[in-house]
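Colleague: Heads up: the protein sequence lines correspond to chains A and B, in order.
Read in order, the letters of the first sequence correspond to residues 7 to 415 in my numbering.
Read in order, the letters of the second sequence correspond to residues 12 to 116 in my numbering.
The beta-carbon is built from N, C-alpha and C at its ideal position, and this holds for glycine as well.
My questions will all concern the structure given below.
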Amino acid sequence: MKNNIIILGGGQAGVYAAREIRQNDSKSNIKILGEENLLPYERPPLSKDFLLDKKKEEDLYFYSSDVLKNENIEFENISINKVDFENKKLFAKNDNVYSYDSLLISTGSENKKLTLDNNLKNDIYYLRNLEEAKKIKEIVSNKNKITIIGGGFIGLEIASSLSQLQKKVIVIEIGNQLMGRIIPKQIADLVQNTHIEHGNEIILNKQIEKITKINGHYEILLNDNSLIETDFIIAGIGSTPTVKLFENTNLRLDNGIVTNQFCETSIKDVYAAGDVSNFYHPFYERNMRLESYQHAQNHGICAGKNIAGVKTEYTSIPWMWSDQFNLNLQLTGICDEYDEIIERGNDINNGVIYFFLKNNKIRGACGVGIIGKVGRDIRITSKLTEKDNIVDKQILTDQNLKLNKLIQK
Amino acid sequence: MSEENWIEVGSTDSIEEEDLIRFDHQDKTFCVYKLTDGFYATDGICTHEAVHLEDGLVMDDEIECPMHQGIFNIKSGEALSPPACEDLQTYPVKVDNDKIFIKID
Ligand SMILES: Cc1cc2nc3c(=O)[nH]c(=O)nc-3n(C[C@H](O)[C@H](O)[C@H](O)COP(=O)(O)OP(=O)(O)OC[C@H]3O[C@@H](n4cnc5c(N)ncnc54)[C@H](O)[C@@H]3O)c2cc1C
Ligand code: FES
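This is how it looks when you write it as structure tokens:
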């Protein structure tokens, strides 16, 4: 039987799902509906190599239109603004109606916005998509002093890129360390030092009281009454799953769309994957929502399999990276459930890793090092986590001992 | 095939099984691997960004980049997993008297 499969959201999870469905099902109609007038593209370079002009727009697309055409996957540029799950229909602003038999929701996430009491909404920039990246790139080319509000991954990556473009960069972070509590303070401090060494100013523990625009420049008043003058403001203060469309429906929402280990939502024939989904992870026996490249890809593929009738559990151990200056930071597993922390290495040149253990088994790890230095060990850690064995802590601590010894055991 | 194209990399016991070593020659960097069925060689730098694959993980016939987990087939150089999408150059390898040679043109 020929099915109508609709993928709502034309990003990474959506396109990987589409191709996976086609691998397993040559007959169904597959249509991706995306509100950006672009084929699915990679977001990580937006804050890094795209700003630095090392990557161009054409380098960002996952697949060419030919690849999608050959696989008979349709992409339509349209924004959906209403759903009727009962009658299996989607409605667009232009009155188009789309009927589906199976639906994948992969609408991603969106940036949180600053709440300002004066009318400066259009003066603060955010980075989520290519259009915003282009705008930021164009405007900063004739600005000098740039302030980033929020010391999370994206804010710091932008700070690193703009510093490399010879801009004077200030980062204002409300918390007492960069990148939030999930990152070990020692690693956050190493990253902070690198920013400072490159001339970036990092202000921690400060809140913004007021932003005033004066003659095309801005004055930012902080809660200790200090004043920062700046030419341009970018905010990266976190993100939320894109679920507004579903708020008044019976789709179960809780920090995103709640899904089980098969990417199934609370409504039959409706699936969700990627940033938007708060999924059940059978290994960790809990729900989680991730915003990561690897997850969007693997979760999309898993959803694709399940939609095509190949029942598949999602068991991928989480992994993500952030690149700032010549540092590469990586996180695997979960770092918020542990009874012991073990440190491996103390020099950023050789890499520093913190392992999070519970009952003598690895649950996750976070590491940072000069380009590529922690990658192998973090990858082995993902495998060790999956194995769920009690680990030899001596090998974990001693950088002279190879971690893969633990896998072979 | 002229003899001088074969460059000596080192002895066969300089690489552990399922592992690799980095080999620099003139301005180029290579990776030489010992897999269960023999020795192989590829470019030493990832095709995604300028990152040395010597810090990557060898798994069966694959090398995984330490930076963003792009994966390449060591024998064919094929890019198998994004963000790597451009293939890796491979080079012929021979073993003579317990010494490894690679052929770079
Ligand atoms: C600047 C930036 C840098 C990043 N860097 C890294 C990194 O270094 N490492 C890492 O691991 N991860 C990184 N990420 C995260 C990673 O890119 C995301 O996790 C991934 O893109 C999520 O994929 P997705 O398919 O779930 O959502 P998205 O790729 O966001 O796609 C969702 C799509 O759905 C569309 N959509 C939403 N609502 C509708 C609607 N109603 N109708 C039609 N279309 C709709 C959106 O416009 C969007 O195109 C970064 C993200 C950003 C923004
Ligand atoms: S540098 Fe190798 S995958 Fe990115």
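(1) Measure the CB-CB distance between K143 of chain A and L233 of chain A and report whether it falls below 9 angstroms.
(2) Helix, strand or coil for F252 of chain A? Go by DSSP, reduced to three states.
(3) If we define contact as Cβ-Cβ less than 9 angstroms, is N406 of chain A a contact residue for chain B?
(4) Counting only C-beta atoms, is G40 of chain A closer than 9 angstroms to chain B at any point?
(5) Name the one or two DSSP bridge partners that V103 of chain A has.
(6) So, helix, strand or coil for H63 of chain B, using DSSP?
(7) Tell me, to the nearest whole angstrom, how far the beta carbon of I193 of chain A is from that of V358 of chain A; I am working on the premise that it is less than 8 angstroms.
(8) Using the Cβ count rule (16 or more neighbours within 10 Å means buried), how would you classify K324 of chain A?
(9) Could you tell me the distance, in whole angstroms, from the CA atom of A244 of chain A to the CA atom of G339 of chain A?
(10) Taking all protein chains shown into account, decide if K105 of chain B is buried (16 or more other Cβ within 10 angstroms of its Cβ) or exposed.
(11) Please determine if the region 211-220 of chain A and the region 43-57 of chain A are in contact, where contact requires at least 3 C-beta pairs separated by less than 8 angstroms.
(12) For ligand 2, which residues count as neighbours when the test is a C-beta closer than 7 angstroms to any heavy atom?
(13) Tell me the DSSP bridge mates of T153 of chain A?
(14) Give the single residue among A:E179, A:Q405 and A:N356 whose Cα lies nearest to the Cα of E207 of chain A.
(15) Over the uninterrupted beta strand (DSSP E) stretch that includes T200 of chain A, give me the two end residues.
(16) Cβ of L259 of chain A within 8 angstroms of any heavy atom in ligand 1?
(17) With a threshold of 8 angstroms, establish whether the CB of N182 of chain A neighbours any heavy atom of ligand 1.
(18) Taking Cβ-Cβ distances shorter than 8 angstroms, what residues in chain B pair up with G370 of chain A?
(19) Provide the residue span of the alpha helix (DSSP H) that contains H79 of chain B, from first to last.
(20) Classify Y299 of chain A as helix, strand or coil using the three-state DSSP reduction.
(21) Looking at ligand 1, does it come within less than 8 angstroms of V282 of chain A, judged from the CB to the closest heavy atom?
(22) Using C-beta distances below 7 angstroms, list every residue in its chain close to H79 of chain B, excluding the 5 sequence neighbours before and after it, in chain order.
(23) Can you tell which of B:G81, B:G67, B:E97 and B:V69 has the C-alpha that lies nearest to the C-alpha of D65 of chain A?
(24) Nearest CA to the CA of K8 of chain A: which residue from A:D107, A:P46 and A:D195?
(25) Report whether the distance from the Cβ of D329 of chain A to the nearest heavy atom of ligand 1 is below 8 angstroms.
(26) Go ahead and label D66 of chain B buried or exposed: buried means 16 or more other beta carbons lie within 10 angstroms of its beta carbon, across all protein chains shown.
(27) Is the Cβ of G67 of chain B closer than 9 angstroms to any Cβ of chain A?
(28) Along chain B, in chain order, which residues have C-beta atoms closer than 8 angstroms to that of K379 of chain A?
(29) Helix or strand or just coil, what does DSSP make of V380 of chain A?
(30) For P77 of chain B, count the other beta carbons within 10 Å of its own beta carbon; 16 or more makes it buried, fewer makes it exposed. Which is it?
(31) If we ignore side chains and look at the alpha-carbon of each, how far apart do N117 of chain A and K127 of chain A end up?
(32) With respect to the beta strand (DSSP E) encompassing T265 of chain A, which residues constitute its N-terminal and C-terminal limits?
(33) What does the Cβ neighbour count give for D90 of chain A, buried or exposed, with the cut at 16 atoms within 10 Å?
Modeller: Quick look at the numbers:
(1) no
(2) helix
(3) no
(4) no
(5) A:F97
(6) strand
(7) 7 angstroms
(8) Contrary to the premise, residue 324 of chain A reads as Pro rather than Lys in this sequence. Flag for P324 of chain A reads buried.
(9) Note that residue 244 of chain A is Gly in the sequence shown here, rather than Ala. Those two C-alpha atoms are separated by around 20 angstroms.
(10) exposed
(11) no
(12) B:C57, B:H59, B:E60, B:V62, B:C76, B:M78, B:H79, B:Q80, B:G81, B:P94 and B:A95
(13) A:I176 and A:I239
(14) A:E179
(15) First-last for T200 of chain A: K191 to E203, but that is the alpha helix (DSSP H), not the beta strand (DSSP E).
(16) no
(17) no
(18) Going along chain B, no residue has its Cβ under 8 angstroms from G370 of chain A, so there is no contact; the nearest lies around 16 angstroms.
(19) Note, H79 of chain B: premise wrong, no alpha helix (DSSP H); not H, not E.
(20) helix
(21) yes
(22) H59 and P94
(23) B:E97
(24) A:D107
(25) yes
(26) buried
(27) yes
(28) D66 and P77
(29) coil
(30) buried
(31) 14 angstroms
(32) I263 to T265
(33) exposed
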